[in-house]
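*Asks:*
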Amino acid sequence: MINENRLLQRLHDLSQIGRNKVTGGINRFSFTSEEQQAIELVTSYMKEAGMTVNVDGVGNIIGTYGEENETIMLGSHIDTVPDGGKYDGALGVLAAIEIVQTIYEQQLPLSKKIEVVAFKDEEGTRFGFGLIGSRAMAGLLTYEELQKRDASDISIQEAMKQFELSPLPLEKVKRNDIQAYLEMHIEQGKVLENEELPVGVVVGIAAPLWLEVTVTGVSEHAGATPMSIRQDALTAASEMILAIEQMLNGTTNSVATVGKLNVEPNGVNVIPGRVTFTIDIRDIDEQKISALESSILEHLQKVAERRNVTVTSKVLQRVKPAKTAPMLQQQLASSIEKYGVQPYSLISGAGHDAMNMANVAPIGMLFVRSKGGISHNPLEYSSDEDIVIATNIFYDTVMELAK
Ligand SMILES: [Zn+2]
């Protein structure tokens, strides 16, 4: 069993760094003094847990326990969104350290070494570009991307230099030697709460496909144009948007959202001539996303033809979803059962470092119930009881994999 008081105390202590005393929210952005303080604290915990600590070329903090050849990596992140919560990321890092410290104190024999990583800049708050540390570790980060700039016109690479992370041999940050990557994270949704379960096994991490659709009709006088001959781009777009919702009804893991709409000319007495809207499509299965993409676009085309308008679309962003390894899902499920909890599978709608790590290692994720599904907010909350049972379950899985 883990030392629950120590874990909860550390969670509290880390949450004091970057804390806004008025809102209670936490502000720890990459390459800032707040983040540096958090790194120092986490490094001291890693050392107390018997780990040697290293920083890689992009600033990932890596604690290593043991000298065996094979590696089980545990991790998450310690940066936050503006006015973020206490648990997002921090819980995963601190739970992983607690697990290693428990093993260290009991001198339990392992056949694999365990590494704990606190990834650099998962949230992307400062540069509008996140998952920097895990992208680099998965070999996905490019030198070009390091030129992205923050609001003060400082690039990622320049910020790195200020923290003595230069030159940056990105090639050396990439890892190919990890047998399994595991992450414990708060759910940030309401599924576990609805199921009345403290934890769940993540089967996959959904990723977004963003499309921008343009509907073009004819902009004419609202008084002088009879209804029967109109080429109204907005009524056509409305029918399209409702059709998208209907197409997604009844799907299990897929979601699609139209979140942004632009109407031109946007006048009270003018028939809309041009409408652009976005579609965010998510699933954990890449093929399902492509299938949805084509059926949606096909359907929009039909609506456009019937309504005598034209429709075009372009891809704004396509991110690859990730599936967790069935073997790690099974191991987590059997650890959950050992603790008398019903194993439950769910998907992650939000992105995580694990998504990138899936490119270089089998991944497994354990979710912890979030109160009200609230996250990226000072009200983010997971109960002490849930945190303790989740960490013990996670500990059991790590022991089964590393013993
Ligand atoms: Zn997170």
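For the sequence shown, position 320 (counting from the first letter as 1) is numbered 1477 according to the working numbering, and the numbering increases by one without interruption. From the three backbone atoms N, C-alpha and C, an ideal C-beta is built for every residue, glycine too.
#1: Which residues in the same chain as Ala1393 place their Cβ atom closer than 7 angstroms to its Cβ, once the five residues preceding and following it in sequence are excluded?
#2: Measure the alpha-carbon distance for Asp1245 versus Val1427 and round it to whole angstroms.
#3: May I ask you to report which of helix, strand or coil DSSP gives Phe1551?
#4: With C-beta atoms as the reference, is Ile1441 less than 7 angstroms away from Pro1478?
#5: Within 10 angstroms of the Cβ of Leu1303, are there 16 or more other Cβ atoms? Answer buried if so, exposed if not.
#6: Is there at least one non-hydrogen atom of ligand 1 closer than 6 angstroms to the beta-carbon of Gly1506?
#7: Just list the beta strand (DSSP E) runs in the segment 1300-1374, keeping only unbroken ones of 3 residues or longer that don't cross its boundaries, in chain order.
#8: Report yes or no: do the segment 1343-1358 and the segment 1515-1525 share at least 3 C-beta pairs separated by less than 8 angstroms?
#9: Rank Asn1423, Ala1363, Ala1293, Ser1470 by C-alpha distance to the C-alpha of Arg1439 and give the top, closest one.
#10: Three or more C-beta pairs under 8 angstroms: does that hold for the segment 1489-1500 against the segment 1449-1458?
#11: Rounded to the nearest angstrom, how far is the Cβ of Thr1228 from that of Lys1269, given a contact under 8 angstroms?
#12: How is Arg1463 classed by DSSP in three states: helix, strand or coil?
#13: Once the 5 residues before and after Val1420 are set aside, which same chain residues still bring their CB inside 7 angstroms of it?
#14: Quick one: is Ile1550 buried, meaning 16 or more other Cβ sit within 10 Å of its Cβ, or exposed?
#15: Please list, in chain order, all residues with a C-beta atom less than 5 angstroms from at least one heavy atom of ligand 1.
*Replies:* Short version:
#1: Val1372, Gly1374, Val1460, Ala1461, Arg1464, Val1466
#2: 47 angstroms
#3: Three-state result, Phe1551: helix.
#4: yes
#5: buried
#6: no
#7: 1337-1343, 1356-1362, 1364-1373
#8: yes
#9: The residue from Asn1423, Ala1363, Ala1293, Ser1470 with its alpha-carbon nearest to that of Arg1439 is Ala1363.
#10: The count of Cβ pairs closer than 8 angstroms, one atom from the segment 1489-1500 and one from the segment 1449-1458, stays below three, leaving the stretches out of contact.
#11: Cβ atoms of Thr1228 and Lys1269 come within 8 angstroms of each other, at about 6 angstroms.
#12: Of the three classes helix, strand and coil, the one that applies to Arg1463 here is helix, per DSSP.
#13: Counting only Cβ-Cβ distances below 7 angstroms, and skipping sequence neighbours, we find Leu1391, Pro1429, Val1432.
#14: buried
#15: Here the residues come out as Asp1245, Gly1246.
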